[in-house]
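Chains as they are written, first to last, in the working numbering: chain A, 1 to 553; chain B, 1 to 407.
One structure is given here, and the rest of the page talks about it.
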């Protein structure tokens with residue numbers, strides 16, 4: 001039954017594909033092509049964008065988007081430069097925003113020592129004394145702001161789509177310990193500079209990032225005592241055994257990161273590694289950790305500590321390391337993982353799932369994986385291979401994906417051409433719709449499949465967000481839907497619906513939906529009793545932004 | 001063994017004595033009210049809770065040998081476990097569940113889990129929720145299939161509810177489950193014409209995921225509006241602890257009391273992935289367990305006699321290594337522990353054959369071995385609590401062995 005269905009689906013897909021080259025009616029129109037790239041390679045069209053892309057030519061637009069460095073984007077960058085933490089290093093952020101919290105804790109502990117004061121109350125008091133602009137929330141607020149502002153307003157739209165993709169692929173959860181202070185540098189210095197380069201460089205940058213080292217515990221993974229000759233030399237083996245404090249401080253192996261780098265970041269869960277490979281790779285990666293101030297410098301940076309590295313021999317994925325190696329072992333394994341065919345397939349699959357369809361055609365994935373391997377993991381070439389594929393342009397792919405909450409909220413903001421002075425309500429809405437930014441706890445990140453996003457509660461929250469946005473009820477997100485259509489169109493109920501539908505969706509609202517809106521809202525009463533006026537426009541816009549068509553991309 | 005049997009006997013005596021026991025819910029065969037049916041409440045501890053520190057095998061020296069810094073001391077010692085049966089003890093943070101074990105309304109199953117060998121959170125959760133360990137192509141969750149297998153003429157759109165922003169795997173599928181985080185805010189904020197506009201738009205225009213989801217949403221919203229569950233405050237002096245699980249369980253209790261036809265409720269609670277600094281009697285895991293225990297105890301107290309119609313069950317994707325790692329934590333393991341609490345549970349017992357912690361008894365020389373498949377426990381819950389007529393589609397290709405955990 002199942003295979004028969006698959007066969008049938010395959011036949012249909014083949015028929016469409018074959019038809020796409022020969023017959024016009026199974027090809028996307030120019031307008032559809034423009035809308036398609038604005039939905040998939042950008043966060044949806046703003047008013048006028050579809051026409052602009054058509055005028056420019058879809059191919060020219062794609063090429064420009066594939067080279068974001070050539071797009072000036074000054075307005076957005078100027079706004080982001082105004083966020084105080086955006087230019088700070090990890091160490092500066094920790095010093096400015098985390099140390100006051102630690103100090104408050106210390107002071108509270110000291111005060112509560114004699115038992116007269118409650119420790120929690122005292123801590124709250126001291127935290128309240130921290131000036132508003134030095135509170136730890138500033139860091140996350142800035143980070144959320146830049147991400148939302150860039151997605152909504154940057155001209156480097158494909159770049160922002162890929163930042164979203166790779167931040168999710170190499171997910172780091174802000175809620176884990178000090179990671180909320182390390183994510184600023186992680187996105188700015190680790191992810192953004194590497195997403196158009198070679199995969200190995202991106203992988204290595206994440207492997208050496210304090211944010212990832214902390215999130216997946218590699219920072220605290222060290223060799224078993226018997227495999228640490230350097231440390232034994234320094235302290236004496238006997239001293240280590242005798243002194244429990246010394247022994248405990250030194251810790252032991254932690255396989256969390258070794259597992260996830262293979263399962264999630266590179267090979268994929270069926271990539272052919274074993275539990276033994278996980279343990280051995282964890283041994284290879286011992287000593288990859290984070291500096292403290294005692295190391296000189298400012299702290300919160302990558303360091304390899306030879307004394308904590310496992311000096312024994314190891315074998316990972318059939319590659320043998322002789323005793324006595326150091327950091328180069330880990331770098332070698334990162335190189336091997338980055339060029340593994342299973343990695344190529346895993347990355348290709350995820351890119352196709354993001355850009356083409358929830359269950360991408362196997363042939364497409366294979367071709368993209370081959371491009372990945374042939375270009376030494378060149379991510380620009382790999383993404384281009386997806387976009388240039390017939391599957392991307394197949395009418396079967398058109399509007400087949402449901403928007404993720406981030407794509408949905410940002411595309412709605414762009415559709416009404418809203419000006420964002422405070423992104424906080426958007427960040428809150430993302431929480432309610434189920435995709436808080438930097439808030440995915442498991443290392444898998446968020447799913448790219450519709451059935452995960454579409455459920456009753458989340459759908460209600462989407463519709464409520466649409467209504468609030470269109471009614472200009474999100475403080476800090478200023479949209480004026482009345483300004484989107486000419487005054488003469490707004491004077492008439494039916495014309496208003498048509499004009500707004502065109503302005504907000506680029507013409508993808510079905511006849512049925514338009515007439516539903518007209519009968520429910522615009523023509524709900526006898527005109528004499530309750531004449532149409534343009535104060536109804538926000539409700540009409542809310543219905544359009546909540547419509548089934550607008551949930552898709 | 002002698003100790004265990006003796007303890008069971010003496011706890012039976014204590015039950016007769018009774019005066020020291022907390023308010024015990026009344027167990028009635030068929031429902032406190034005529035409208036209220038039976039409900040199964042499933043809680044997923046995401047991240048793999050350390051079951052060996054939850055229900056501590058304090059009778060095994062190997063447990064203490066494997067965990068020099070994070071073991072929970074034996075009963076009687078400072079911060080010691082709360083004895084259950086002379087061999088197992090409760091983590092002291094689970095103290096609020098202890099009365100329910102004593103009055104035989106709570107039971108545990110140890111060395112239970114999913115037989116697949118994966119130590120990936122993602123895969124293991126996926127297998128446990130799909131109910132098909134080792135088979136990745138399963139599209140829906142087993143609780144969804146279970147609800148769907150009950151071929152009833154009219155079903156409530158609120159018969160399966162997940163207190164969660166996204167639909168969990170375990171309830172995704174054709175049964176039309178509802179996911180929400182706040183039952184009082186569920187609905188369209190914009191008047192009848194707007195809500196009606198959306199409703200007809202989705203009814204006309206869409207087939208598939210979006211259309212079906214929308215239809216269920218609007219029906220569920222209507223029922224919630226008229227039942228007004230949030231007016232029902234916690235009863236019997238129940239105080240839910242702050243945090244996501246307390247919040248979820250408080251709302252599940254409200255739904256149960258409102259008689260909206262809830263059959264399956266699901267909530268998840270994370271923060272169990274204790275690779276570092278796990279702690280023993282105190283610390284990270286202890287704090288999480290206290291919140292977990294207090295939330296479940298508050299739920300039980302809140303429902304009072306209605307608890308006779310409810311069974312609460314907990315699960316987690318796999319257990320953790322027997323030996324602590326170099327960071328005073330534990331890594332991904334194999335078998336784990338489940339809690340069963342409520343009407344019909346044959347409580348006061350730790351079920352499951354105990355495989356032992358000696359090196360040669362461990363799974364892959366590192367983890368607690370599985371002696372009970374988690375599907376055996378769910379098979380019994382689904383059959384006896386939810387009256388699911390057949391489990392053939394729920395656990396395809398698996399022949400569950402009922403373990404007698406429910407009356």
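Where a beta carbon is used, it is the ideal one built from N, C-alpha and C, also for glycine.
Computed from a prediction, not measured in an experiment: that's the story for all the values here.
Measuring C-alpha to C-alpha distances from residue 145 of chain A to each of A:161, A:86, A:482 and A:107 identifies A:86 as the nearest.
For the region 500-517 of chain A, the beta-carbon criterion of a distance under 8 Å to any beta-carbon of chain B is satisfied by 510, 512, 513, 516 and 517. By the Cβ criterion, the region 268-275 of chain B is not in contact with the region 214-224 of chain B, since fewer than three pairs of Cβ atoms, one from each stretch, lie closer than 8 Å.
For residue 268 of chain B, the enclosing beta strand (DSSP E) starts and ends at 264-270. In this structure residue 132 of chain A does not touch residue 107 of chain A by the C-beta definition: roughly 19 Å separates them, more than the 8 Å allowed. Residue contact with chain A for residue 220 of chain B: present (Cβ-Cβ distance below 8 Å to some residue of chain A). Judged by DSSP secondary structure, residue 332 of chain A falls within the alpha helix (DSSP H) whose first and last residues are 327-338.
Residue pairing by DSSP puts residue 178 of chain B in a beta bridge opposite B:161. The C-beta of residue 542 of chain A has 16 or more other C-beta atoms within 10 Å across all chains shown, which makes the residue buried. In terms of Cα proximity to residue 371 of chain B, the closest of B:130, B:303 and B:336 is B:336. Listed in chain order, the non-local C-beta contacts of residue 398 of chain A below 7 Å within the same chain comprise 28, 32 and 36, local neighbours out to five positions each way being set aside.
DSSP places residue 45 of chain B in the uninterrupted beta strand (DSSP E) bounded by 39-46. If you draw a straight line from the Cα of residue 279 of chain B to the Cα of residue 330 of chain A, it comes to about 30 Å. Within the region 165-195 of chain B, the residues whose Cβ lies closer than 8 Å to some Cβ of chain A are 165, 166, 167, 172, 177, 178, 179, 180, 181, 186, 187, 188, 189, 190, 193 and 194, listed in chain order.
For chain A, the residues of the region 209-242 of chain B that bring a beta carbon within less than 8 Å of one of its beta carbons are 209, 210, 211, 213, 214, 216, 217, 220 and 221, in chain order.
The beta carbons of residue 183 of chain B and residue 251 of chain B sit closer together than 8 Å.
Residue state for residue 110 of chain B is assigned as strand, using DSSP reduced to three classes. By the Cβ-count criterion, residue 457 of chain A is buried, with 16 or more other Cβ atoms from all chains shown falling within 10 Å of its own Cβ. Between residue 311 of chain A and residue 223 of chain A, the C-beta spacing is below 8 Å.
Residue 441 of chain A reaches chain B at 270, counting residues in chain order whose Cβ is nearer than 7 Å.
In the DSSP assignment, residue 167 of chain B is bridged to no other residue. In summary, residue 388 of chain A is exposed, with fewer than 16 beta-carbon neighbours lying within 10 Å of its beta-carbon over all protein chains present. Residue 353 of chain A sits close to residue 360 of chain A, with the two beta carbons spaced by under 8 Å. At least one beta carbon of chain A lies nearer than 8 Å to the beta carbon of residue 198 of chain B. Pairing residue 427 of chain A with residue 436 of chain A, the inter-Cα distance amounts to about 7 Å. Pairing residue 157 of chain B with residue 264 of chain B, the inter-Cα distance amounts to about 12 Å. Membership of residue 149 of chain A in the alpha helix (DSSP H) is indicated by the continuous run 137-153. Here residue 351 of chain B is bridged, per DSSP, to B:109. Of all residues in the region 308-338 of chain B, only 325, 326, 327, 328, 329, 331 and 332 place a beta-carbon less than 8 Å from a beta-carbon of chain A. DSSP places residue 453 of chain A within a helical segment (H, G or I) once states are collapsed to three.
Nearest to residue 272 of chain A by C-alpha distance, out of A:327, A:345 and A:257, is A:345. For residue 180 of chain A, no Cβ of chain B is located within less than 8 Å of the residue's own Cβ. In the structure shown, residue 510 of chain A falls within a coil segment according to DSSP collapsed to helix, strand and coil.
A Cβ of chain B is located within less than 8 Å of the beta carbon of residue 547 of chain A. In terms of Cα proximity to residue 88 of chain A, the closest of A:227, A:153, A:140 and A:44 is A:140.
Shown here, residue 225 of chain B sits in a helix according to DSSP, grouped into three states.
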